[in-house]
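Chemist: At the far end of the sequence shown sits residue 2012, using this note's numbering, and the numbering has no gaps. Handing you this structure, nothing more for now.
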Amino acid sequence: MSDVVYEETATMIAAGELHPFVPFGRDHCRNHPNAFNLQLRELQPASELWSSDCAAGLAGSLQEVSLQERERESWQLRKGYVESLEQDVEFEEELYASGNVVVWTRGSRGQSSNVYKAFTVDSPVEQASWCDFPVLHSKKDEDTVERTVCIVQNGCINIHTVTGKDFLSPLPFQVSKVWPTKFGLLLERKITAADGQFSSPGECLPTVFSMLHPIDEVAPLVRKTTGDSSHVEYISDTSTKIIFTCCRPSILVSYNSDQGTHSVWCLRKVTHEERCSVLGCPSKPFGEPLGSLATGVLMSHLRNSSHLESPCSSKASRFNSSVGASAAIAANSPLHYNNLHSHQSRITMSSQVGPTRIHSPGISKMADLSRDHSPGMAAPSLSGGARFNTTLHVSSPVGPHHGAAHSPNSTISETVMGPIIPELCIDHLWSETAACHSLDREMSSQAAKVFLTSDLCENRYLCFLVESHQQLRCVKFMESNDMSQLIFTSVTSIAAKDAEPLQNIGAMLVLEACGSLVLYTGVTRVSKVFVPGLLPSSALPSAGVQVSTPVNASNRRLQRLDETAMPSPVSEMRILNMKHHEGSFLEDYAFQQAMPYINALRDPVSNRVTLELSNGTMLRISIPNIASSELVKKCLKAIRFILPKEAAMKVLVKWYTINNAPGGTSVHSEWNRFVTCFLSLMGYNTERLTWTRNLHFEVPHSPVIAAKKARPCDEGSDEDWEYLTRSKYHHQMVSHCKPTDSSAFNGSLIPDGGDSAALSPTLDNTAPLFTHIPALFYVLHLLYQELMLDELLRERATSSLVCLLQQLARDLHLEDYLDLYWRDYPSLMSGFTESCYIDQSLIGQMQYPSFLRAEPPCVFSWFSSCLRGEKVPPFPYLPGICHRVRLLVLSYALYIGGDDNATASNVSEYLVKLSAGQKSNEKQYGRHTSMEQVKSCSESLAEQLVVWLASQGFTLKDLETVPFGVALPVREAIYHCRKQPCADWSEEVCLLIGRQDRTRQAHNTNPAKSKSSVGSSLSLDPPSTSEADEEEEDGMSDIVQEVTELIWSQDLRVQEVRRLLQSSKPVRVNVVQLPEVSDHEYIEEKENKLLQLCQRTMSLPVGRGLFTLFSYQPVPTELLPIPKLNLTGRAPPTNAMVDLNSGNIDLPANMTSWPSFHNGVAAGLKIAPASQVDSAWIIYNKNKNQELANEHAGFLMALGLNGHLTKLGTLSIHDYLAKGHEMTSIGLLIGVAAARLGTMDMTTTSLLSIHIPALLPPTSTELDVPHNIQVASVIGIGLVYQGTGHRHMAEVLLSEIGRPPGPEMEYCTDRESYSLAAGLALGMVCLGQGSNLIGMGDLNVPEQLYQYMVGGHRRAPVGAIRERHSYQIKEGDTINVDVTCPGATLALAMIYLKTNNRSIADWLKPPDTWFLLDFIKPEFLLLRTLARCIIMWDDIVPNKEWVKSNVPQIMRGTEMDSPENINMEIWIQVQDYITAGACMALGLRFAGSANSDAFDCLDDFAKSFMQVMSSYGTASVEPGSYNMQTALSMILLSMSMVMAGTGNLKVLQLCRFLHYRTGGEMNYGFHMAHHMALGMLFLGGGRFSLSTSNSAIAALLCALYPHFPSHSTDNRYHLQALRHLTVLAAETRLLVPVDVDSLKPCYALLDVTYKKTEWYDETTVELVAPTMLPELNLLKRVRVKGPRYWELSIDLIKDVQHLKSILSRNGVLYVKLRAGQLPYKDDPQGWKSLLASAVKQRRPGVGAFKVEDISTFTSDPTLLSFAEFFCKTSNGIKHREETVALFSAMLYECVTKECPEMLPTYVAIEQAVSALCRGELQHTFALWQMRLVVDLWDGTLRRPADICDAMLSSEFLPVMRNKVDVALDCWLKDNSSALTSYIGGKALSEGAGSALLACFVAYRSVPCLRDKLIHLQGCTSPGVLMTSSKRLGIPIRDLLRLAPVLLEGAKIPFSNSMVAR
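Have a look at this one:
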């Protein structure tokens, strides 16, 4: 085989068009307002400036504009990446840095560039680079990446993510360069003079560090040495530096300047053992500092030297002096935090410590604070270097990312000094041989450029350019068999001045020393590259002529012209042309600058590269791809697969040079060039073959194909045309071209008779591919079969490829293959008769592969046999090339053959993988899913097939390109799976089966990120911002109206609730002035009336917070809108303003403090838990106006209740508490505790303990903590330790219930609220533990609580609790029951909650004698009754008898039955309170259930209480009115609990009635209770309900404590802030169906199945969604019912988490409307559906179907267009009536059977049958598909159960099938002789009958009978013939039709002479 193909002198390729290149960022920076930088910096306080800014003041800003600006610029390009684009858009990205500005630009090749992001920093940019930081998800093992831009300044790195996060990472040392890697950044420390003072290598500091995330500390890089003594060590060699890194594979290249060698290393995560080894402490890897690597003196030197070298040295020394010498000696590790990070910490942009991002003045303060930042560094009180010493992050032993130190909140913890843990390790892979001689050592220099490249055969190379040697060294490497490591093999050197890789081509562009551009693929030279408009430097007329310019003066000098070097022929021709047209070149040169030559290459992206010219300009060129035609690409891929690598390389290089030869555009197609090149390489003389003669384009027969020369003149003339018309070739074409032929080769060519007598041309056996002809033919045949399965490529590609295949098959004498090609393309094949002669002696040289079969593989025949149930042989396929063959063959084997293991263990039974001398580098098509996984989630074959296809990456788009007959079984499987898909199917499976509802559900796994509303991502938008201001000010505009309108569609109750709960408008003060009342008295009367109304207004926010719960997602750059609490009024009729500040009446002090607090809580509770809230935004909302401090305090508590307060930094919490604002402390402490519910978080515990004296050490300093803050802290302890049973906390809280008053009036006021809080906290700590309190037996908790409840002598204090008695309050040693009873009662109830402990419950029974009843306050009886009932949880029954049973026996009679000496008022009061307690227990038991029995029971009691109250009349000062009002309020709250979230109309009416009652006993507290009931009734706008879990019951007990404040400042008995704990009991249970097509909420029927319980059997109820679901632990299944929507079932037994995730995403359940159905909103009764109209008219469906109505029943644009253009008779086109009727029937069938995707199949079948009947079929492809459809239908008939479920109509297919049978029978009747001749192997007459014969043979499954005629010998009767059916391979049905012909053919003797067809 000749190697001449490698000679570049004979070939040259033409580069693409040249475009001038100027970095886009350069122009952008010219217009950038750099001067504005100085103005902003002058506005900043000095404390906020980075310490290095002393050099960047006025002088630094003036230096930014200089003449050397161009020299400081840098840029890099890369291939664009956009995640959101579905289609592959090719564009480039540019990262440009100049001065202080970095510009990130994006732009596609055909479009202009645009600025994507721009960054401005304070100091000059030293380096800018892209970097992807991996982000590990805890739920998945897959890594996602955070795409960032890293900007290196002097002393810090700015890291900006594409999602908008900004980080600033101060550096503990000066960095010389950063390198992006797979794991993050590598940082090279700048080597200073101090590093040379240490001789011992062990004392040197590490030089390379890693940063795995912007918020991580830098860690030293370690390397694992090889050899006998393998160990791990830090990289501290100052002579080694990194010169290249790569992410895939994860390697880096280093250069050792001492040895002058390059080395390659593998970069990976460090293992635990290596980490322990390098730290030198295996037993305690992270407990002790390092002591074995260096001394303290060295560390002190590092610290001093780093400070001296650092730009921050002055300030650093100032704040680091506190460390002292002792710290330096103690921390003797070279990698100690105290050394490297004594003054550095990871901070972010918003902390304003480091160089800050420059903002324009128009940006609000929020823009500066809306960055992700370290909570610990947000404190503005710290300035300068003091901030850097606040936090030391210490990694945990578990790993760098899982320890507590990496928690965003663990900032102020103990300062623990520890070593820096290494994160990454490098393994040595390869090193080049060290230079031996001193001369070579001196000549050695590090590589100026390193890159990875691959060749056309996918061999991979690592290339590095050594400029001093002008040498490109290419190191070949490959992956090991287990893909675990890289193996480096040979090294090849190429003379090169510069080089760049071209990734898309598999090549690299090399600039030689002479200035020529040469293309290499790997180490194989391809050809020179001709660049129009440029000459290589060797082509210049004189090397001595050079014009010196400032640009090229500093560049490389021009190479001396080698006199022997001759330019390429094309270049020489261009010089001659220039002389011819422009005169002498030398004369012209004297007046012009020298023609520029190429100086360097840079910025390769895909196949584009930038040329740097000698005159300083740059050009962007593109190198052509190896092929643009999909067919040519696939053929080249197949050739590369089957050939040995050496031969494949020669073929590919040869083809590349031919296809891209310069010399003007060619009119010939790429395929024509490929055929000519391919045949020539196999030894064909394309001049001798008639059909290739017209493809010829001046290609000689030699394997060396010279480049085509350019034409001197491109303009044509008339003489040219005349010459062509007189040519012999023209006469040949005219005489032999068939007008009906439409091949891809400009007509089929048949030689005349004279040429047939000539000798056949012979093949050249010396051609490179001659020996591989059989193997190449076979792989191209398999590719042909693959293309037959792709509708996008089939028609053009197969007809082109078959011409090449027939020639090879004819010359190889493969008659069966020829017969197959004739069957596929009979008309085309009839024009080919030429064959080339191959000498028999040369046939032996050919390598016939073992896989080459005599019987041709036909994929359609294989499918047909499989459908008929016949045994099928394995089908051959090319891995990596024949994707569709593999997928479809295995799909048929699984679904049709019924083999469960077809896609797993039995693949070899159905597929034969071809092997070759070269392994395919194929990655598996799609993702790998084991069949075990498929079977685990599927049962039927259809489900297994669908899941497997989806796992292979097969989509609906792929299915649309599969031929309709082949695709029909797959469509059938999809159709069956579409009805009831499994709930756990992935998004890909749901997309494949066409269930967009399931696809969307799977896609929205995470909560949707919305801008202003929780539901806006689903088009559930809140009212737009353009509404009237008054509607936005009420704080309730974010309720999603589209959902509420569906839930309550008959009335306007939501608007009524908004009207009742709004507090932003003045109230109406309607007071009539009587004649005897003076004006002054009238004004006072109005103000007194207003004061009564303000009691109601001030209580509104508590209810509004519940109503708007979690309905809003804030915008990070905007403040949270807080509605105004308006306490003014308007007096009719003049609408005069009435104000309380006039001074006419006395107002309570601080009257609005707590209402403002509640208003802030209400506003904060709107924020949804899924919102993007960070610490900066929380601080941003802090208002400087002290009047609004109370609102902000409530806002903080709300953030804790919705879980966002965990993001607030510890230093920020400290700032809040340090201000001493009582409300802020209360809200913050309760909020932090609620956010840490049940976690026992130690940081939160410490925070709370400071405010509780009982939790402080006895010797601690007494703190003056306000009483309400102590109450809040005690409740916080209960929340943090909820359900934990913590002994110490329980012991302290138990004693605090009875805490006595102290001296000097300590603990003397409002003792009741503190005791109650301690009791509630104790109950929460031991919640539901009952008698299982572990380790508390000695505390006697129940007995102690009982004593607190009933009284007695006080027990001695336990432990070291300080006991001091009060000087004012004398209680003695007895327990004050009035203080301790409520807390003890509720604590006992919560400890034994739901335990049904009767002995404890009997303690709480009301006394059964009148005497004992006198000793208990009635309101305590309410608590006892409530406590007893919730302990006996299962005994609660929702009826009036159970409620009355709680009243003592002595009181169950009437008033007349009571003793005479009993006070009737007390009798009524006791009865009412006990009834209220029982009703409240009933409400807790059935909270959120909407139980009708419980509601009716409570409603009856409410009505009875209302009747009694109405009897009091207006004189509400009746003795029992307060008690009646209290009881009524508790019953109303109980009703709201039961009907929570339902918006029940009766409860709303009662709430509204009580809302308008003011004055008298209707005080602030009662209004608060009524509005809480109203808020719970519409909890979260109807999206939330209440839970009955233990935690929820505890929260409700705290929030609904039945003693409401008498006025707005009353906290004596219960802290008002606890009223908001109702939120902790809320859970989302609203299920909202959303139409997946319109994305609008809709109605849908649900079947909800309850589990079987002891109270009821398994029950199924039908609900209309949107609906509130019951608690999920009660449910078994939720199913969307038909017939309107596709059924969808969610099994809660298997996976309750799926439904929980749906409910957490606003309860959105996507449903898909079935075709022919209308939504319930448009058609409530279903009378308008498509099927109903047919029934209504009593006519068949098709007859009643009106095409005009199709748009009513489907929104599919394909169906609508089909109905418009094919199912109507228009004026322009008159369709036949039967055609319109047929198309209408097709459309009706597709719509009613829910398979609109079958419409193209119906149409294709009809077109194929019509063309056959008209005799117009030119190929048999359509009939092959018809045959497969028939075979599938016949198989369906054998399965009667599936007939009703068949996709094709039971009427349509038999009609079409009958038409085909009739047409073929008619043809057989008239042309039986043609079939007989075909069977006998005789020559066929040319004509139209050839095509129909092929159609007949293909449809009737007639095999190639030449080898089977022996079986027909002796067949004289049809019976004998039937027995030969199996041997002949013909189905009996077809054999019956062929019997006459076959019996006649049996008499014909077998003929060996075959005429090619």
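Glycine is no exception: its CB is placed at the ideal position from the N, C-alpha and C atoms. Predicted model only: the values in this text are computed from it and were never measured.
(1) When you compare the stretch 530–542 with the stretch 501–520, are there three or more beta-carbon pairs, one atom per stretch, that lie closer than 8 Å?
(2) Under three-state DSSP, which class holds Asp553?
(3) For Pro881, which option in Gln861, Leu897 and Ser890 has the closest C-alpha, if you only look at C-alpha atoms?
(4) Do you know how far the Cα of Ala1057 is from the Cα of Glu1754?
(5) With H, G and I counted as helix, E and B as strand and the rest as coil, what does DSSP make of Cys205?
(6) Note down, one range per segment and in chain order, each beta strand (DSSP E) of at least 3 residues found wholly within the stretch 205–290.
(7) Out of curiosity, what's the CA-to-CA distance linking Val927 and Arg908?
(8) Just to confirm, are Tyr1668 and Ser1368 a CB contact at a threshold of 8 Å?
(9) Does the stretch 1326–1336 come within contact of the stretch 1277–1295, defined as at least 3 CB pairs closer than 8 Å?
(10) Excluding sequence positions up to five away, which residues of its chain have a Cβ less than 8 Å from the Cβ of Thr1163?
(11) Excluding the five sequence neighbours on either side, which residues of its own chain have a C-beta within less than 7 Å of the C-beta of Asp1746, listed in chain order?
(12) On the DSSP letters alone, give me the boundaries of the alpha helix (DSSP H) that His1669 sits inside.
(13) Give me the Cα-Cα distance between Leu345 and Thr247, rounded to the nearest whole angstrom.
(14) DSSP three-state call for Thr1314: helix, strand or coil?
(15) Note down, in chain order, each residue of its chain lying with its Cβ closer than 8 Å to the Cβ of Ala1549, except the 5 sequence neighbours on either side.
(16) Out of Phe1838, Gln1035, Val914 and Arg1739, which one is the CA nearest neighbour of Ser995?
(17) Under a three-way DSSP split, which group does Trp1458 fall into?
(18) Hey, Leu1348 and Ile1648: beta-carbon distance below 8 Å or not?
(19) What residue range does the beta strand (DSSP E) around His483 cover?
(20) Hey, is Gly1293 close to the ligand MG, as in C-beta under 7 Å from one of its heavy atoms?
(21) Determine contact between the stretch 849–866 and the stretch 877–897, defined as no fewer than three beta-carbon pairs at a distance below 8 Å.
(22) If I measure Cβ to Cβ from Trp710 and keep anything under 6 Å in the same chain, skipping five residues before and after, which residues do I get?
(23) Report yes if the C-beta distance between Phe696 and Met67 is below 8 Å; otherwise report no.
(24) Do Ile206 and Phe174 have their C-beta atoms within less than 8 Å of each other?
(25) Relative to the alpha-carbon of Val1044, which residue among Tyr1030, Leu1004, Ala1650 and Ala1022 has its alpha-carbon at the smallest distance?
(26) Please state whether the Cβ-Cβ distance between Cys1653 and Leu1629 is less than 8 Å.
(27) Are Met266 and Leu240 closer than 8 Å when you measure CB to CB?
(28) Find out if the Cβ-Cβ distance for the pair His1306, Leu1292 is shorter than 8 Å.
(29) Taking three-plus beta-carbon pairs below 8 Å as touching, is the stretch 898–908 in contact with the stretch 937–950?
(30) With contact counted as at least three CB pairs below 8 Å, one residue from each stretch, are the stretch 1017–1025 and the stretch 1871–1888 in contact?
(31) Quick check on this structure: which residue in Pro269, Ile270 and Ala274 has the alpha carbon closest to the alpha carbon of Leu260?
(32) From the DSSP output, which residues share a beta bridge with Thr50?
Modeler: Reading it off the structure:
(1) Cβ pair count under 8 Å is three or more, so yes.
(2) strand
(3) Gln861
(4) The sequence shown places Leu at residue 1754, not Glu. Answer to the nearest angstrom: the Cα atoms are 12 Å apart.
(5) strand
(6) Assignment of beta strand (DSSP E) within the stretch 205–290, counting only whole runs of 3 or more residues, yields 211–216, 221–225, 230–235, 240–244, 263–266, 277–279 and 287–289 in chain order.
(7) 15 Å
(8) yes
(9) yes
(10) Within the same chain, Thr1163 has close Cβ partners Gly1090, Met1091, Asp1093, Ile1094, Ala1217, Leu1220, Lys1221, Gly1635 and Gly1636.
(11) Ala1038 and Arg1732
(12) Unbroken run through His1669: none, as it is neither H nor E.
(13) Any reading at Leu345 must be qualified, since the residue scores a pLDDT of 39, below 50, and its modelled position is unreliable; no value is offered.
(14) In the three-state reduction of the DSSP assignment, Thr1314 falls in the coil class, being assigned neither a helical nor a strand state.
(15) Pro1493, Leu1537, Gly1538, Arg1540, Phe1541 and Val1593
(16) Of Phe1838, Gln1035, Val914 and Arg1739, the residue nearest in Cα terms is Gln1035.
(17) helix
(18) no
(19) Leu479 to Ser486
(20) In the structure on display, the ligand MG does not appear, and there are no ligands present to speak of.
(21) Output reads yes: the stretch 877–897 touches the stretch 849–866.
(22) Cys732
(23) no
(24) yes
(25) Selection Tyr1030, Leu1004, Ala1650 and Ala1022 evaluated against Val1044 yields Leu1004 as nearest (Cα-Cα).
(26) no
(27) yes
(28) No, these two residues do not count as a Cβ contact at 8 Å.
(29) no
(30) Below 8 Å, enough C-beta pairs join the stretch 1017–1025 and the stretch 1871–1888 to call them touching: three or more.
(31) Out of Pro269, Ile270 and Ala274, Ala274 has the C-alpha closest to the C-alpha of Leu260.
(32) Residue 50 is absent from the structure shown; the chain starts at 56 and stops at 2012.
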